[in-house]
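For reference, the structure is listed below as structure tokens.
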Amino acid sequence: GTDSWTDPNVLFGEYDFSLTRDKLPEACKDGLGRDDGTPKYDGYGNLVLPEDESSASNFGGRHERDLYDLERDLQNLFNDDGSCRYFEQCHRNFPGSRSCATHNYKNGLIYRSHVSGAEIYPSIGGWTLSGNFPAVSADPKKRQRFAQECVGLIEDYGFDGIEIDWEYPGYEPHNGSPADRENFIYLLKEVRGALNDYQRRTGDSPINGGTFGLSVALPCGASNIANIHIEKVAKLVDVMNLMTFDFHSASEPVTGANSPLFDQEWDEEPGNSVDGCVQNYYSGGAGKYSQKISIGVPFYGKTYPFATELNGFHSNTNGRGGGMSDQVNWPKDLGSPVYYNIVDKLSKGNMVIRRHEPTKTSYAYFNDGSGLVSYDDPQSVCDKAGYVHDNLLGGLFVWEMSGDLLENLNTPLMDSINRKLEETNFDCRLIAPSEDGKTVELPPPAPKGPFQIEQPKGTDRLVSIKDATMEFLDRVEKGELSFGVVGKGAFTRTAFMHRRYDGSTFPSYVYRFAHFVEALESMASEGVDGDLFYLGPNQLVGESASSRRRELQGIPARLVPGEALEGSMVYGLVNIALFLSHAHAESILHDTCDEVNVQFLPNSDFDGMGLDDGEDASRFPISNACGQDGRSYQDELCTRPEDSRYDCTAQLNVDEFESMEASAVSRGIWAGAPRGFYCGPKNVYGTTGFWDAIAGQELDTNPTANQGGRTDVEGCCFWGRGSLKIKGTCTLGKLNYHLGKNKADRDGRENAKYPDVNFCLDPGQICAGVHSIPLRWISGLYHWVDVS
């Protein structure tokens with residue numbers, strides 16, 4: 001909000017002062033408004049506003065002066081004369097406005113973002129101007145006014161969502177108090193409700209469809225995290241931007257990394273790193289919402305005078321702390337140099353560059369010992385992008401983009417991040433910093449090759465079908481078999497793709513090939529109670545061959561070197577292909593772990609928008625959690641008498657069954673589906689209505705049943721989850737009986753693969769628990785084995 005990005009020349013494109021007087025709007029012809037080509041600026045480059053409040057009142061009364069920093073910046077968008085206020089209406093809500101002639105709108109940030117398919121949010125607050133949040137959040141009327149201000153920004157400027165950057169709830173230097181913990185939740189609820197109400201009332205939507213976004217910037221310091229009700233925040237917002245930088249500075253006794261990926265080995269307190277911050281939010285209740293978490297990447301460094309190593313004294317204080325940043329070597333940046341200035345200094349040859357492997361960051365110090373800078377280089381930011389991929393987080397954000405713009409207009413940090421996100425198996429070590437300080441160029445992307453797979457051939461190196469298959473899959477992923485593309489991640493980049501709202505495809509975040517292979521190897525070697533995922537004849541487990549308790553006749557039970565049969569892997573590869581094709585249709589295509597809400601109720605007299613206009617195709621009953629297309633998942637019991645002991649109804653008592661609560665952690669956002677399922681007893685939720693797909697809201701009036709006749713969500717916690725969206729009390733009960741807590745209770749923890757997971761009482765563990773990454777695949781692979 002305090003940055004140059006909010007300048008109207010940036011948001012809407014530069015002013016066009018070439019207009020002749022006769023073409024200006026009438027209100028602007030007397031030289032009172034900026035449209036006449038004579039804008040008035042103060043000493044800081046800001047447009048001078050009138051002393052009275054006419055500008056604000058003419059704008060609809062939405063803006064309260066000095067409430068927060070973005071508000072102050074956006075007031076600069078008013079003309080000097082309050083009656084000349086046309087230019088701000090140059091976006092999608094005012095397509096026919098004359099005022100667009102006063103801005104080259106297509107050169108503006110909002111337009112360029114939207115035509116590129118990117119959404120753009122204003123960030124409200126910031127470090128210097130968060131002091132009013134405590135008072136606003138504590139007062140219901142001020143919260144309501146604030147929320148309407150947020151709606152006004154979207155309505156008048158075409159933003160796609162709002163970010164709240166309160167630094168920080170409970171932070172005393174910014175007027176914080178313990179009451180901020182709950183008041184923050186009240187504020188977020190007010191904003192979320194106002195955005196939904198506006199969308200339902202107007203039918204407006206972000207550039208990419210769906211609901212208007214709500215994101216928050218969140219702290220990483222342990223004392224500040226304690227003032228955040230993490231789980232409640234995670235439920236309310238779409239994105240949690242963790243400010244994973246500024247972990248260490250010259251105020252501390254010894255030097256440290258600005259944004260360490262992992263904790264420094266000499267830290268006295270744990271958690272002062274990207275991973276530490278993420279884990280702290282997991283511990284606070286955000287583990288179910290990892291896909292909402294983004295980590296911050298700094299495009300600037302932290303400096304220390306008179307230092308030459310990490311974990312060393314600086315500033316000539318001999319470890320007393322309280323030092324200052326190095327403003328002698330970095331005067332332009334006041335001691336916090338942006339990346340392009342760091343690159344410039346490194347290129348002069350008077351600094352020594354070092355990589356600190358434990359924290360995955362770089363630092364450099366001057367040859368004369370006058371100072372040290374800790375910073376992120378292309379390899380460091382590549383490692384952070386890899387961390388996002390490996391931990392199934394939502395993404396990254398940067399602070400801030402202009403720090404990466406070199407004099408030659410190259411953007412090495414952004415290029416590195418993009419490469420790692422697009423090519424998930426890219427080796428970050430390929431762009432390790434050079435000793436001369438020059439930026440190492442990214443290697444060219446892997447070239448595409450012919451679409452073909454080599455016929456697998458027997459070899460005396462193969463000891464078993466499983467080993468042969470795993471080696472084959474590894475070669476496919478490396479691109480050695482010319483599967484569409486070559487190079488690392490070839491299969492990932494061509495097969496595990498989800499489809500976006502506009503029909504374009506992108507590599508899945510929820511389902512990764514490496515995780516599939518790990519789960520497959522487990523199910524093909526260990527299996528479940530002797531049942532294996534079938535990879536072909538001669539599949540060995542210890543001394544015996546097993547393939548779903550059946551062995552093919554006439555084929556040796558043991559495969560010894562040299563006895564691999566030509567084409568014997570084809571059976572297993574076909575089985576894998578069939579499984580993945582089902583997984584793609586069920587889950588990968590939508591990039592969701594939870595079942596997607598797809599059934600709607602046509603031909604109804606109430607469409608969720610409050611009007612009987614016949615446009616009811618997007619009306620989704622909340623009772624779809626109980627079962628879609630006439631199904632009732634909680635009643636899908638094991639049908640064979642010998643399987644009755646497996647059913648969740650046999651493993652849970654009545655009280656446990658009726659008191660279950662669960663919330664989906666994913667939804668078909670790319671497909672435009674409404675919010676995820678939830679279930680719970682009537683004494684918690686009562687009788688519920690349906691979801692409006694446009695606004696993503698629940699309406700408690702006029703409860704509407706799905707085709708199964710349900711108007712509540714009690715006992716409806718058995719919707720589909722994982723790669724094959726396994727659902728129902730029988731299937732989930734089998735998982736618990738063979739893999740989970742029931743198995744541990746019967747045969748001991750050491751004999752259960754997931755002894756702490758109760759698949760019946762908490763089936764959401766498949767998507768959001770500690771073991772969710774392998775379970776997304778294991779659950780589907782086991783079901784495939786069970787029904788094959």
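Residue numbers are given in UniProt numbering: position 383 of the sequence shown equals residue 383, and the series is strictly consecutive. Positions of the beta carbon are idealized from the N, C-alpha and C atoms, including for glycine. Given the structure is predicted, the values throughout are model-derived calculations rather than measurements.
Minimum C-alpha distance to residue i - residue among the options
{"i": "A583", "options": "G722, S116, D643", "result": "G722"}
{"i": "W719", "options": "M569, S347, S663", "result": "S663"}
{"i": "E400", "options": "L393, L637, D376", "result": "D376"}
{"i": "E422", "options": "C648, S347, R512", "result": "R512"}
{"i": "P774", "options": "Q628, S788, V757, Y105", "result": "V757"}
{"i": "N272", "options": "G527, Q291, L242", "result": "L242"}
{"i": "D344", "options": "N329, P358, G708", "result": "N329"}
{"i": "A179", "options": "D333, D139, R667, S205", "result": "D139"}
{"i": "L367", "options": "T704, S215, C382, G349", "result": "Leu is not the amino acid found at residue 367; the sequence shown has Asn there. Cα-wise, what sits closest to N367 is G349."}
{"i": "N280", "options": "N318, Q264, P219, N316", "result": "P219"}
Residue i to residue j span [Cα, whole Å]
{"i": "F472", "j": "I431", "result": "29 Å"}
{"i": "G449", "j": "E480", "result": "Its pLDDT being 39, under 50, G449 is placed unreliably in this model, and the value from its coordinates should be taken loosely. Looking at the two C-alpha atoms, the distance is approximately 10 Å."}
{"i": "I342", "j": "E435", "result": "14 Å"}
{"i": "P331", "j": "V338", "result": "12 Å"}
{"i": "V297", "j": "D326", "result": "21 Å"}
{"i": "Y111", "j": "F159", "result": "10 Å"}
{"i": "F620", "j": "P681", "result": "20 Å"}
{"i": "S525", "j": "T494", "result": "27 Å"}
{"i": "H771", "j": "Q765", "result": "7 Å"}
{"i": "T439", "j": "L346", "result": "10 Å"}
{"i": "H389", "j": "I293", "result": "12 Å"}
{"i": "D267", "j": "T255", "result": "11 Å"}
{"i": "A468", "j": "M569", "result": "8 Å"}
{"i": "T505", "j": "L334", "result": "44 Å"}
{"i": "Q599", "j": "A768", "result": "24 Å"}
{"i": "T704", "j": "N196", "result": "21 Å"}
{"i": "P122", "j": "K141", "result": "22 Å"}
{"i": "W127", "j": "V115", "result": "31 Å"}
CB contact flag (residue i, residue j, <8 Å)
{"i": "R499", "j": "L409", "result": "no"}
{"i": "L11", "j": "L129", "result": "no"}
{"i": "L396", "j": "Y363", "result": "no"}
{"i": "N683", "j": "S623", "result": "no"}
{"i": "A194", "j": "A234", "result": "no"}
{"i": "G572", "j": "Y534", "result": "yes"}
{"i": "Y300", "j": "G323", "result": "no"}
{"i": "W784", "j": "H515", "result": "no"}
{"i": "S113", "j": "I120", "result": "yes"}
{"i": "C717", "j": "P763", "result": "yes"}
{"i": "C781", "j": "A385", "result": "Contrary to the premise, residue 781 reads as Leu rather than Cys in this sequence. Going by C-beta atoms, L781 is not nearer than 8 Å to A385."}
{"i": "N751", "j": "K741", "result": "no"}
{"i": "Q291", "j": "S779", "result": "no"}
{"i": "Y282", "j": "L392", "result": "no"}
{"i": "Y340", "j": "L406", "result": "yes"}
Three-state secondary structure (DSSP) of residue i
{"i": "V684", "result": "helix"}
{"i": "Y375", "result": "strand"}
{"i": "T505", "result": "strand"}
{"i": "Y511", "result": "coil"}
{"i": "N76", "result": "Unreliable positioning characterises N76 in this predicted model, as indicated by a pLDDT of 36, which lies under 50. A coordinate reading is not provided."}
{"i": "V463", "result": "In this predicted model, V463 has a pLDDT of only 49, less than 50, meaning its place in the structure is not dependable; the value taken from the coordinates is given anyway. In the structure shown, V463 sits in coil (DSSP, three-state: anything other than H, G, I, E or B)."}
{"i": "Y678", "result": "strand"}
{"i": "S83", "result": "Interpretation of S83 is limited by its pLDDT of 37, a score under 50 that renders its predicted location unreliable; no figure is taken from the coordinates."}
{"i": "G780", "result": "helix"}
{"i": "P763", "result": "coil"}
{"i": "I110", "result": "helix"}
{"i": "D35", "result": "Low confidence applies here, because D35 scores a pLDDT of 34, under 50, leaving its location unreliable; read the following figure in that light. DSSP places D35 in helix when its eight states are reduced to three."}
{"i": "G158", "result": "coil"}
{"i": "L11", "result": "helix"}
{"i": "D635", "result": "helix"}
{"i": "N418", "result": "helix"}
{"i": "F579", "result": "helix"}
{"i": "D263", "result": "coil"}
{"i": "M497", "result": "strand"}
For the stretch 287-329, which segments carrying the beta strand (DSSP E) assignment without a break, of at least 3 residues, lie completely within its bounds, in sequence order? 293-298, 302-305
Start-end ranges of the alpha helix (DSSP H) lying completely within the stretch 181-215, minimum 4 residues: none
Can you give, in chain order, each stretch of the alpha helix (DSSP H) that sits fully within the stretch 378-415 and has at least 4 residues? 378-390
Ignoring anything shorter than 4 residues, give me the alpha helix (DSSP H) runs that lie fully in the stretch 332-367, in order along the chain. 339-346
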